[in-house]
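Residue numbers (my numbering): 922 to 1044.
C-beta atoms are modelled at their ideal positions from N, C-alpha and C, and glycine is treated no differently.
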Amino acid sequence: MNVRINHKMLGLLGAALLAASGLTGCGKKESTPEPATPEQLSNAKPYPLKTCLVSGEALDSMGEPVSIVVEGQELKFCCKECISEFNDDKAKFMAKLTQTPKVDVPPTPQPPATPQPPATPQP
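Below you can see the structure in the form of structure tokens.
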């Protein structure tokens, strides 16, 4: 069997496959939320950390920090790219807000005991 390939048809087939691949996917694409408005921030629970929720870097390490509000909680990121990563696994990053950092805190020193007068012998 002799098959002749028509280059025009081959090009159209390739273009159709490429276009179809762009239409499929996991369907998990979420838009990146816009930075929070002052009104949203005033109604949200304040962000408790001094670092980016995703990267762990200082909030101002990439310029002005970006704030969004999720489920009534203010979240801060060092850049918009970190918001995209946050969207990939929200539960993981939201859990960071409830974790208490383990810090070795020395015990509180106790004041010295006040000296007691010596007991007097009973007759």
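Less than 9 angstroms separating the beta-carbons of residue i and residue j?
i	j	result
Cys999	Leu980	yes
Lys997	Tyr968	yes
Using the three-state DSSP reduction, which class does residue i fall into: helix, strand or coil?
i	result
Ala979	strand
Glu1006	helix
Leu996	strand
Thr1019	helix
Lys1011	helix
For residue i, collect the residues of the same chain with a Cβ closer than 8 angstroms to its Cβ; drop the 5 residues on either side in sequence, then sort them by chain order.
i	result
Ala965	Ala957, Val990, Gly993, Gln994 and Glu995
Mark residue i as exposed unless 16 or more other C-beta atoms lie within 10 angstroms of its C-beta, in which case mark it buried.
i	result
Leu970	exposed
Gly948	The predicted position of Gly948 is uncertain, since its pLDDT is 39 and thus under 50; a value taken from the coordinates is nonetheless stated next. When all chains shown are included, Gly948 counts as exposed.
Ser982	exposed
Ser963	exposed
Short of 6 angstroms in beta carbon distance, which residues of its chain neighbour residue i, apart from the five on each side in sequence? Order them along the chain.
i	result
Glu1006	Val975
Less than 7 angstroms between C-beta atoms, sequence neighbours within five positions excluded: which residues of the same chain meet that for residue i?
i	result
Phe1014	Leu974, Val975 and Phe1007
Glu978	Thr972 and Cys999
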